[in-house]
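Visitor:
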Amino acid sequence: MRTESSPGIDPTSASARFGALPAREHLPAGRGDVPVLDVVIPVYNEEKDLGECVRRLRAHLVRTFPYPFRITVADNASTDSTPEVAHELAAELPEATYFRLEQKGRGRALRTVWSASDAPVLAYMDVDLSTDLNALLPLVAPLISGHSDLAIGSRLARASRVVRGTKREFISRAYNLILRGSLQARFSDAQCGFKAIRRDVAQVLMPLVEDTGWFFDTEMLVLAERAGLRIHEVPVDWVDDPNSTVHIVKTATEDLKGVWRVGKALATGSLSLDRLARPFGDDPRDRQLTDVPKGLARQLLGFCVVGGLSTLLYLLLYSGFRSFSGAQLANALALFVSAIANTAANRRLTFGVRGRDKAVRHQAQGIVVFGIGWALTAGSLAALQTASGAPAHSTELIVLIAANLAATILRFLLFRAWVFSDRTTDRTTSEPFSTPDPAPIPVRDSNSEVPQARTTQR
């Protein structure tokens with residue numbers, strides 16, 4: 001984290017011009033009438049629960065939260081007496097605010113209120129207060145201190161205590177397994193209605209989030225994680241609301257559509273998240289370190305995993321081709337097919353190259369690397385056949401495994417130093433923020449007027 005003695009980010013740098021996030025700093029205790037925390041409660045036809053929710057929340061914050069706060073009721077076009085209840089709360093409680101939207105959608109409500117808020121920490125929770133409020137201070141504390149960018153409550157953490165039905169438990173865990181398998185998400189609980197974000201982070205991240213409904217949370221977390229932001233997780237005590245009006249099947253369907261959309265955007269490179277990445281340690285001087293192999297351990301691990309799978313594929317292909325062709329032809333065909341798959345997998349998983357840019361060039365260079373590997377294995381086979389005449393199939397496989405091991409080591413060195421050299425040199429460049437100039441990110445002014453919304457505050 002940047003300290004007071006650390007230099008600030010140059011306002012003329014690429015990061016400053018194109019929306020890179022500022023260094024994390026401990027937030028001030030409060031300035032005038034501006035609250036440190038703005039807790040948003042999205043509601044739709046919640047006339048029965050709204051009053052009790054807001055009063056309980058306010059009493060808890062008065063008793064436990066050491067900074068000024070605000071509670072904002074975000075009304076998603078309710079058709080019952082929710083607006084009247086919210087107006088009464090705003091008139092009764094000095095910290096309560098009412099925000100009316102004429103369109104439904106929890107994501108739309110959060111985006112609108114968060115974009116207009118002046119509080120440095122923004123949070124939201126469900127109106128049923130299923131999550132124990134004692135987790136609220138641990139949720140926002142890392143954001144206030146500058147330790148983290150986002151914070152989420154997790155019902156799936158080991159220390160969490162959750163009471164809910166088998167059906168909801170299964171759906172929740174299955175959904176998070178899908179996120180881990182398809183989007184490589186590392187956070188444990190995407191759907192818990194108990195989250196917080198720093199306002200400076202929200203201003204840059206929100207324009208990239210497209211969903212306006214229930215998938216809003218997941219999309220925000222996936223993009224934040226891919227951008228390298230720090231997500232703090234808090235184990236929560238959570239009791240299911242049996243009177244919840246959420247339509248599980250419809251919500252699950254929309255979530256799966258969202259997973260497909262975001263996964264496709266990330267795979268094709270249409271979402272450029274490099275502009276959001278912070279410099280390591282939040283100090284621009286850290287990018288001036290030279291002769292440090294960035295990501296080498298992670299690249300080696302990824303390459304070994306891909307290499308192991310590629311070797312299995314190669315051996316299966318070789319055994320199949322060997323059934324109707326000679327050893328040399330079977331070796332060449334198996335190497336060629338597995339090399340294409342190996343280059344594609346290493347491009348994406350080991351060296352983090354996304355999108356189609358330079359994909360053809362990388363595959364062409366991979367074929368050259370394949371040629372070198374083929375020369376090693378073909379030479380090994382030729383030497384074996386010269387030495388023993390007609391070796392057994394098992395002996396051929398042993399020799400090929402040894403030759404492939406040597407070829408694999410050479411392949412990693414060539415991939416790192418030649419094929420994907422731009423991915424390693426970019427991370428070790430001696431000039432800070434030497435990234436290409438992406439298109440500017442539109443950032444809403446928090447004081448600008450929001451269409452189709454009106455507020456009431458005491």
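When we follow the numbering used here, the leftmost residue of the sequence shown carries the number 1, and every step to the right adds one. Don't be surprised by glycine CBs; every beta carbon is placed ideally from N, CA and C.
Whose C-beta lies closer than 7 Å to the C-beta of A224 among residues of the same chain, with five residues either side of it excluded?
Guide: Taken in chain order, the residues that qualify are D149, L150, L205 and I231.
Visitor: In the DSSP assignment, find the unbroken alpha helix (DSSP H) run with P142 in it and report its ends.
Guide: From DSSP, the alpha helix (DSSP H) with P142 extends over L136 to S145.
Visitor: What are the boundary residues of the beta strand (DSSP E) that R70 is part of?
Guide: Unbroken beta strand (DSSP E) run through R70: F69 to N76.
Visitor: So for D200, helix, strand or coil by DSSP?
Guide: Three-state result, D200: helix.
Visitor: Output the distance between the C-alpha atoms of Q365 and L301, rounded to the nearest integer angstrom.
Guide: Q365 and L301: Cα-Cα distance of roughly 22 Å.
Visitor: Taking the straight line between their C-alpha atoms, what separation do you get for R356 and V222?
Guide: Distance between the alpha carbons of R356 and V222: 21 Å.
Visitor: Could you check the C-alpha separation between S388 and R261 for me, to the nearest Å?
Guide: Their Cα atoms are separated by approximately 57 Å.
Visitor: Going by the DSSP bridge assignment, what does F336 pair with across the sheet?
Guide: Looking at the DSSP assignment, F336 forms no beta bridge with any residue, so it has no partner.
Visitor: Pop quiz: A157 and S188 are said to be a contact at Cβ under 8 Å. What is the actual Cβ separation, rounded to whole angstroms?
Guide: Their Cβ separation, rounded to whole angstroms, is 6 Å, which keeps A157 and S188 in contact under 8 Å.
Visitor: Rounded to whole angstroms, what's the CA-CA distance from N346 to G269? Just pull it up for me.
Guide: Cα to Cα, the separation comes out at about 16 Å.
Visitor: Tell me, please, whether the stretch 170-190 touches the stretch 72-83 by the rule of three or more beta-carbon pairs shorter than 8 Å.
Guide: Counting Cβ pairs under 8 Å, fewer than three are found: no touch.
Visitor: Going by beta-carbon coordinates alone, are R106 and P42 separated by less than 9 Å?
Guide: Cβ atoms of R106 and P42: closer than 9 Å.
Visitor: When we look at the beta-carbon of L537 and count the other beta-carbons within 10 Å, is it buried (16 or more) or exposed?
Guide: In the structure as shown, the chain starts at 1 and stops at 458, and residue 537 therefore has no counterpart that could be examined.
Visitor: To which residues does DSSP link Y175 through a beta bridge?
Guide: In DSSP, Y175 forms no bridge with anything.
Visitor: Name the DSSP bridge partner or partners of W238?
Guide: Per DSSP, T131 and V162.
Visitor: Tell me whether the beta-carbon of D38 lies closer than 9 Å to the beta-carbon of V113.
Guide: The answer is yes: Cβ separation under 9 Å.
Visitor: Could you spell out the range, first to last residue, of the alpha helix (DSSP H) harbouring P83?
Guide: Here the alpha helix (DSSP H) through P83 covers T82 to E92.
Visitor: Beta carbon of G373, beta carbon of A339: below 9 Å?
Guide: In this structure, A339 lies closer than 9 Å to G373 by Cβ.
Visitor: Find the nearest neighbour of R348 within the set L266, K257 and F99, judged by alpha-carbon distance.
Guide: The shortest C-alpha separation from R348 is found at L266.
Visitor: Out of T253, L312, V239 and L177, state which residue places its alpha-carbon closest to the alpha-carbon of W214.
Guide: Comparing Cα positions, the closest option is T253.
Visitor: Please list the terminal residues of the continuous alpha helix (DSSP H) segment that includes M206.
Guide: Note, M206: premise wrong, no alpha helix (DSSP H); not H, not E.
Visitor: Return the CA-CA distance between V292 and Q299, expressed in angstroms with no decimal places.
Guide: Below a pLDDT of 50, predicted positions are generally treated as unreliable, and V292, at 42, falls in that range; the measurement from the model is reported next regardless. If you take the alpha carbons of V292 and Q299, they lie about 14 Å apart.
Visitor: Could you tell me if the beta carbon of V43 falls within a distance shorter than 8 Å of some heavy atom in the ligand SAH?
Guide: Summarising the ligand content, the structure contains no ligands, and the ligand SAH is consequently not present.
Visitor: Considering T97, what are the terminal residues of the beta strand (DSSP E) in which it resides?
Guide: That run of the beta strand (DSSP E) goes A96 to L101.
Visitor: Who are the Cβ neighbours of F370 in its own chain at under 7 Å, not counting the five residues just before and after it?
Guide: Closer than 7 Å at Cβ, skipping near neighbours: L335, F336 and A339.
Visitor: Whole angstroms is fine: what's the gap from A159's alpha carbon to M125's?
Guide: If you take the alpha carbons of A159 and M125, they lie about 20 Å apart.
Visitor: Could you check which residue in V353, A407, H362 and T350 has the C-alpha nearest to that of T377?
Guide: Looking at the Cα atoms, A407 is the closest of the given residues.
Visitor: Round the Cβ separation of F79 and N45 to the nearest angstrom and send it over; I've been treating them as touching at under 8 Å.
Guide: Per the sequence shown, residue 79 should be read as Thr rather than Phe. Between N45 and T79 the Cβ distance is about 6 Å, and since that is below 8 Å, they are a contact.
Visitor: Can you give me the start and stop residues for the alpha helix (DSSP H) that V62 sits inside?
Guide: That run of the alpha helix (DSSP H) goes L50 to T64.
Visitor: Would DSSP call K358 helix, strand or coil?
Guide: Here K358 sits in coil by DSSP.
Visitor: For T350, which option in G153, A327 and F303 has the closest C-alpha, if you only look at C-alpha atoms?
Guide: It is F303.
Visitor: When the Cα of T251 is compared with those of A135, A382 and Y175, which residue comes out closest?
Guide: Per the Cα distances, Y175.
Visitor: Check whether the Cβ atoms of D211 and Q191 lie closer than 9 Å to each other.
Guide: No, the Cβ-Cβ distance between D211 and Q191 is not below 9 Å.
Visitor: Buried or exposed, going by whether 16 or more other CB atoms sit within 10 Å of the CB of L329?
Guide: It counts as exposed.
Visitor: If you measure between the beta carbons of V162 and D237, is that distance less than 9 Å?
Guide: Their beta carbons are under 9 Å apart, which means V162 touches D237 by this criterion.
Visitor: In angstroms with no decimal places, state the Cα-to-Cα distance between L104 and H60.
Guide: One point to set straight first is that residue 104 is Lys, not Leu, in the sequence displayed. Roughly 29 Å between the two C-alpha positions.
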